[in-house]
Amino acid sequence: MSTQTRDAEAAKAELCAEFPGWSMILTRDTGRWWAIRRPPPEGWRGVRAVTEVDADTSDLLRELLREVVEAERGAGL
Numbered sequence: 009m010s011t012q013t014r015d016a017e018a019a020k021a022e023l024c025a026e027f028p029g030w031s032m033i034l035t036r037d038t039g040r041w042w043a044i045r046r047p048p049p050e051g052w053r054g055v056r057a058v059t060e061v062d063a064d065t066s067d068l069l070r071e072l073l074r075e076v077v078e079a080e081r082g083a084g085l
């Protein structure tokens, strides 16, 4: 396994630990990072929830996911 692959797997594991419920994907063809989750539970009915986020790097994906989490907390979710 290459160093780059190990680094990507470590970054993916860190993201999964920090954002449970999200699946992390690193596309091989474009090198873009994606975070995807199932639609929210019934209690969120009527709330427009983010279920997909993408970024050029794992660090940027982390920042964007933190913004989603904060927005959801601010909405009482």
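With the sequence shown counted from 1, adding 8 to any position gets you our numbering. We put the CB at the ideal spot given by N, CA and C, even for glycine.
Three-state secondary structure assigned by DSSP to residue i
i   : result
S10 : coil
D64 : coil
A57 : coil
L23 : helix
L85 : coil
D37 : coil
Residue i CB to nearest heavy atom of the ligand SAH below 6 Å
i   : result
D62 : The ligand content of the structure shown is nil, which means the ligand SAH is not present either.
Candidates the options, of which the one nearest residue i by Cα
i   : options               : result
D64 : I33, G82, V58 and E75 : I33
A16 : P28, T59 and G39      : G39
With 16 other Cβ atoms within 10 Å as the buried cut-off, status of residue i
i   : result
R70 : buried
S31 : exposed
Paired residues, beta bridge with residue i - DSSP
i   : result
A43 : M32 and V61
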